[in-house]
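Just so we're aligned, residue -8 is where the sequence shown starts under my numbering, counting upward by one. For glycine and all other residues, C-beta sits at the position ideal for the given N, C-alpha and C. Okay, structure first, notes after.
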Amino acid sequence: MSLDNFKHKLTILTKDEAQNIRNKYIELFVDIHKEYYKKYIGALKKYSDGLCYTGYLWDCIKDVVVIDLQYVGAVSNKLNTVYALWDIHTAERIFIEDYWKFGKDSILKLDFDELMKNLEYLPEDIYIFDENFNWTIVLTHEYIDDKRW
């Protein structure tokens, strides 16, 4: 599927909606009291493309249970509309051409299956969660035993 077709199958939240959803996500799923959070996420730095952080939210996720993509595929038929967000990193530290297909602080709302079929259009580390904030799945760029987690 092309990027344009993919964009027609999702909603990009307004800047205010996205900020509210991101704040709620962090409040519910991220341990903001960790030193790592304070140093690498809570302390934004000024870059040529705006204020960004240098860490990864997934390093501060509360109550982590590591699963692999096979498990995600197995439960996908039970998942419907989801949100997807990613870390707010600067383009100055990302060396992949045309990395940001959406704004770096954007949040998408879409069908889980569409999301999984179109991961190539999204940053490597994404945070997926339901509309009621009952659960989150984090796909990272990390590999363990040749499996992406």
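- Collapsing the DSSP output to three states places V57 in coil.
- Taking a contact to require three or more Cβ pairs closer than 8 Å, the region 51 to 58 and the region 19 to 39 qualify as touching.
- Secondary structure note for I79: it is in no alpha helix (DSSP H), with a DSSP letter that is neither H nor E.
- Looking at the DSSP output, G41 shares a beta bridge with Y38.
- Judged by DSSP secondary structure, Y118 falls within the beta strand (DSSP E) whose first and last residues are I117 to D121.
- Less than 7 Å separates the beta-carbon of T2 from that of K100.
- With contacts defined by Cβ atoms closer than 7 Å, W91 and D116 do not form a contacting pair.
- In this structure, DSSP gives K108 a helical state, which the three-state scheme calls helix.
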